[in-house]
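Going by this note's numbering, the first residue of the sequence shown is number 9, and it counts up by one from there.
Taking it in order: structure first as structure tokens, then the write-up.
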Amino acid sequence: MTDARDSQEVKEFVRARYASLARAKAPCCGAAPSTPSAGCEANGLYSEKELEGVPQEAAAISLGCGNPTAIAEIKEGEVVLDLGSGGGLDCLLAAQRVGSSGQVIGLDMTPEMIELARSNAAKVGAENVEFRQGEMEDMPLDDASVDVIISNCVINLSPDKDIVFREAFRVLKPGGRLSVSDIVLLRELPPKVARSLEQWAGCVAGALSEAEYRAKLEAAGFVDVAMRGVGLSLPGSEPLNGFAVSMDIKAYKPGG
Ligand SMILES: C[S@@+](CC[C@H](N)C(=O)[O-])C[C@H]1O[C@@H](n2cnc3c(N)ncnc32)[C@H](O)[C@@H]1O
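In structure tokens, the structure reads:
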């Protein structure tokens with residue numbers, strides 16, 4: 009963690025925030041309902057064509073900062089895991105790519121999000137998608153069972169990224185890949201922002217620098233780490249622009 013906050017306190021705050029967003033079906037990257045949202049809506053991140061095949065409700069609750077299914081080069085027949093699947097939009101898009109011989113698993117710790125995602129999947133009759141309630145720090149998945157891990161604006165929310173990356177490495181098959189979108193810090197946050205639970209839940213205070221992100225991935229065993237800024241401004245708050253960007257991040261588990 010980047011400040012003195014207790015991990016469990018952070019997690020409970022984050023869970024409560026996303027539960028209330030799921031109940032309200034409100035798009036915005038975790039910002040308080042009164043805070044203007046910026047950069048974390050489906051608008052602009054997904055093409056109209058991509059959104060054609062998914063329920064409007066799934067697109068409306070998009071809380072991401074990128075479009076990981078567009079960068080993950082997902083192939084037919086693959087097993088895809090989405091960390092922090094929210095309302096299920098990326099899972100439904102991945103499901104179209106893997107087809108009936110593939111499988112998509114959405115993992116989320118917030119029961120209200122799981123319920124919403126299941127209802128969105130049912131609307132399009134997606135049979136190759138399932139949603140599991142659980143934490144990315146302790147993934148309910150077998151070792152070496154996944155081809156590609158995607159995630160959209162979620163890893164920054166974890167109080168312990170080292171464990172998340174170790175778990176990601178464990179569940180990937182040899183040669184498997186991680187292809188995620190996440191918020192990355194460009195410079196140190198003002199102390200008041202870094203200590204704010206609101207800003208943690210808003211995908212800001214928990215974000216790592218690019219160097220920290222890369223080092224933690226490599227420490228978990230990942231190779232060929234590539235990080236590319238996509239220039240999205242910080243979600244939620246104008247005065248914080250310039251402190252963080254959204255990045256597309258790729259890394260591989262050796263072997264295969
Ligand atoms: C910013 S939203 C992104 C949702 C989705 N990826 C999207 O693009 O719309 C973060 C999601 O991650 C979930 N989440 C946060 N921390 C988590 C954790 N430690 N383990 C599993 N899910 C988590 C939240 O419940 C929430 O649904």
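Backbone N, C-alpha and C define an ideal beta-carbon position, used for all residues, glycine too.
For the beta strand (DSSP E) holding residue i, just list the boundary residues, first then last.
i      : result
Phe230 : Where Phe230 is concerned, there is no enclosing beta strand (DSSP E), given that its DSSP letter is neither H nor E.
Val62  : Careful: Val62 lies outside any beta strand (DSSP E) and carries neither H nor E.
Ile8   : This structure does not reach residue 8, given that the chain is present from 9 up to 264, and the question cannot be answered.
Ile113 : 111-116
Leu205 : No beta strand (DSSP E) contains Leu205, which is instead part of the alpha helix (DSSP H) from 205-209.
May I ask you to check if the CB of residue i is nearer than 8 Å to at least one heavy atom of ligand 1?
i      : result
Ser127 : no
Gly61  : no
Ser55  : no
Asp90  : yes
Asp256 : no
Ile348 : Given a span of 9 to 264 for the chain in the structure shown, any question on residue 348 remains unanswerable.
Lys169 : no
Asp14  : no
Ile82  : no
Met117 : yes
Ser93  : yes
Glu143 : yes
Leu97  : yes
Leu71  : yes
Ser187 : no
Given a cut-off of 9 Å, decide if residue j and residue i are closer than it, judged by their beta-carbon atoms.
i      : j      : result
Glu86  : Ile113 : no
Ser187 : Ile163 : no
Gly74  : Val132 : no
Gly95  : Ala30  : yes
Ser4   : Asn136 : Any question about residue 4 goes unanswered here, given that the chain covers just 9 to 264.
Asp168 : Ser15  : yes
Ala129 : Cys161 : no
Leu89  : Leu165 : no
Met255 : Ser159 : no
Ala68  : Ala125 : no
Arg185 : Ala80  : yes
Arg23  : Met117 : yes
Lys258 : Ala228 : no
Glu58  : Thr77  : yes
Val172 : Ile191 : no
Asp151 : Arg178 : yes
Gln207 : Leu193 : no
Tell me where the alpha helix (DSSP H) around residue i begins and ends.
i      : result
Met121 : 119-131
Ser187 : Segment 180-193 is the beta strand (DSSP E) holding Ser187; no alpha helix (DSSP H) there.
Leu100 : 97-106
Val18  : 15-32
Val201 : 199-202
Ile79  : 76-79
Can you pull the DSSP bridge partners for residue i?
i      : result
Lys258 : Ser187, Ala234
Asp146 : Glu143
Asp90  : Gly114, Ile158
Ala252 : Leu193
Leu71  : DSSP lists no partner for Leu71.
Return the Cβ separation of residue i and residue j in integer angstroms, given the expectation that the two are a contact with Cβ distance under 8 Å.
i      : j      : result
Ala252 : Ala215 : 6 Å
Leu115 : Met147 : 6 Å
Gly264 : Pro182 : 4 Å
Val231 : Tyr260 : 5 Å
Ala209 : Arg25  : 4 Å
Leu97  : Ser70  : 5 Å
Ile82  : Arg105 : 4 Å
So that I know if they touch, is there some Cβ in chain D lying closer than 9 Å to that of residue i?
i      : result
Ile171 : Looking for chain D here will not work: only one protein chain is present.
Is residue i near ligand 2, going by C-beta to nearest heavy atom under 8 Å?
i     : result
Lys19 : Judged by which ligands are present, ligand 2 is missing from the structure shown, whose ligands are ligand 1.
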